[in-house]
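Single-structure report; data block below.
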Amino acid sequence: MSRAEATVREARWLWTFGLFRSELLTTFRRWRTLALLGVLAAVPVLVGVAVRIETGDGSSVGGGGGEGPAFISQITNNGLFLVFTALAATLPFFLPMAIGVVAGDAVAGEANAGTLRYLLVAPAGRSRLLLTKYATVLAFCLVATLVVAVSALTVGALLFPLGDLTTISGTRISFAEGLGRALLIALVVAASLVGVAALGLFVSTLTNSGIAAMATTVGLLITVQILDQIPQLDALHPYFFSHYWLSFADLMREPVYWEDLTRNLGLQALYAAVFGSAAWARFTAKDITA
Numbered sequence: 524m525s526r527a528e529a530t531v532r533e534a535r536w537l538w539t540f541g542l543f544r545s546e547l548l549t550t551f552r553r554w555r556t557l558a559l560l561g562v563l564a565a566v567p568v569l570v571g572v573a574v575r576i577e578t579g580d581g582s583s584v585g586g587g588g589g590e591g592p593a594f595i596s597q598i599t600n601n602g603l604f605l606v607f608t609a610l611a612a613t614l615p616f617f618l619p620m621a622i623g624v625v626a627g628d629a630v631a632g633e634a635n636a637g638t639l640r641y642l643l644v645a646p647a648g649r650s651r652l653l654l655t656k657y658a659t660v661l662a663f664c665l666v667a668t669l670v671v672a673v674s675a676l677t678v679g680a681l682l683f684p685l686g687d688l689t690t691i692s693g694t695r696i697s698f699a700e701g702l703g704r705a706l707l708i709a710l711v712v713a714a715s716l717v718g719v720a721a722l723g724l725f726v727s728t729l730t731n732s733g734i735a736a737m738a739t740t741v742g743l744l745i746t747v748q749i750l751d752q753i754p755q756l757d758a759l760h761p762y763f764f765s766h767y768w769l770s771f772a773d774l775m776r777e778p779v780y781w782e783d784l785t786r787n788l789g790l791q792a793l794y795a796a797v798f799g800s801a802a803w804a805r806f807t808a809k810d811i812t813a
């Protein structure tokens, strides 16, 4: 490789990094994005306050089985369980809806605003632009999940005691280890959304209307979750991107059950590959007029 070619390649990657930074700033400065994060942060507050009021007379909150929302029965004993409860409460709808809105608007919103073709004039090209858009959506997945977790941890610490906690298997672990598992669970939840992000990005390449792309993505999300609850479609359930979402509860077992966790991550990777490739094929061949 000649020095001139190396300089050009370095310039392109620097521009790509600059575009990614610009996309992050643009995304997180939008009032819509801030509103979505505000709603997500409010969910743990509402759950924590509701539990506090419900147990104010010394009664206990119902729940059992130790999975998903059943973590709510442990909140009064340890505020750290509010993190698990909040993630379980937001994962089926609130978190993926927020991701669907951001992903659906990624390309279609630029086309609707008339700025997409100006972005394509820059030297990175369509493939790198699409990759930058997807990376921005993935960053939002992580930030949105951490917003829920941090809000829940803060509310849990203010309203309930903290300390050693009991796992689903009945063993005791230290608060530090529980905090580590909470962080790991948050990362797994964020990773569980990469399939929705890829689906939303693909839909975003099919239209020039950001609102249509967002509505379609959220509609598909709701449809898939409804289908995942129909017993007659039991054979198809393992292939729905939402089927293993609540498997993160297995991280609170001793030892950890990895089977459903790995299935979930593998399924998300498959959805990301399929819809990411479809988005690339569509976007690279699309006639950009706006």
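Just so it is clear: in the sequence shown, position 200 is 723 by my numbering, and no numbers are missing. Backbone N, C-alpha and C fix where the C-beta goes; we use that ideal spot for every residue, glycine too.
Query                                                                                                                                                                  : Result
I'd like to know whether the C-beta atoms of S765 and D751 end up nearer to each other than 8 Å.                                                                       : yes
Does the Cβ of F540 have 16 or more other Cβ atoms within 10 Å, making it buried, or fewer, making it exposed?                                                         : exposed
If distances are taken between C-alpha atoms only, which option among S800, H760, V712 and Y762 comes closest to D773?                                                 : V712
Return the chain-ordered list of same chain residues with a C-beta closer than 7 Å to the C-beta of A714, the five sequence neighbours on each side being excluded.    : L788 and Q791
I need the straight-line Cα distance from S800 to R651, nearest angstrom please.                                                                                       : 13 Å
Going by the CB atoms, is the gap between A672 and A612 shorter than 8 Å?                                                                                              : no
Buried or exposed for L698, going by 16 or more other Cβ atoms inside 10 Å?                                                                                            : At residue 698 the sequence reads Phe, which differs from the Leu that was named. That one is exposed.
Which same chain residues, not among the five before or five after W512, have their C-beta less than 7 Å away from its C-beta?                                         : One cannot answer for residue 512 here, as it falls past the ends of the chain, which runs 524 to 813.
Please identify the residue among L569, E700 and Y657 whose C-alpha is closest to the C-alpha of V717.                                                                 : Y657
Am I right that L618 and L563 are in contact with their C-beta atoms under 8 Å? What's the rounded C-beta distance?                                                    : 7 Å
Please list, in chain order, all residues of the same chain as L665 whose beta carbon is under 7 Å from its beta carbon, the five residues on each side excluded.      : A713
DSSP three-state call for R776: helix, strand or coil?                                                                                                                 : coil
Could you check whether L729 and L743 sit closer than 8 Å to each other, using their CB atoms as the reference points?                                                 : no
Can you have a look at P754 and say buried or exposed, based on whether 16 or more other CB atoms are within 10 angstroms of its CB?                                   : exposed
Work out the CA separation of G693 and T655 for me, nearest whole Å.                                                                                                   : 44 Å
Relative to the alpha-carbon of I696, which residue among A565, P778 and R555 has its alpha-carbon at the smallest distance?                                           : P778
Taking the alpha carbon of G623 as the reference point, which residue from I734, F543, L639 and G648 has its own alpha carbon closest?                                 : I734
Relative to the C-alpha of A736, which residue among A720, I749, Q748 and V747 is closest?                                                                             : A720
Where does L569 fall in DSSP's three states?                                                                                                                           : helix
Is the distance from the Cβ of G561 to the Cβ of G679 below 8 Å?                                                                                                       : no
Considering only the alpha carbon of each residue, which of G686, F616 and V660 lies closest to D628?                                                                  : V660
Strictly by DSSP, which residues pair up with R695?                                                                                                                    : T689
Enumerate in chain order the residues of its own chain whose CB-to-CB distance from G591 is below 7 Å, with the five nearest sequence positions on each side excluded. : The pLDDT assigned to G591 is 42, lower than 50, so where the model puts this residue is not dependable; a value taken from the coordinates is nonetheless given after this. Cβ neighbours of G591 beyond the five flanking positions: A611, L769 and A772.
Closest to L614 by CA distance: which of P567, L793 and A758 is it?                                                                                                    : P567
What residue from G632, V726 and Q597 has the CA that sits closest to L685's CA?                                                                                       : Q597
Would you tell me roughly how many angstroms separate the C-alpha atoms of Y762 and A796, rounded to the nearest one?                                                  : 14 Å
Using the rule of at least 16 other Cβ atoms within 10 Å of the residue's Cβ for burial, across every protein chain shown, is I814 buried or exposed?                  : Outside the modelled stretch of the chain, which goes from 524 to 813, sits residue 814, for which no answer is possible.
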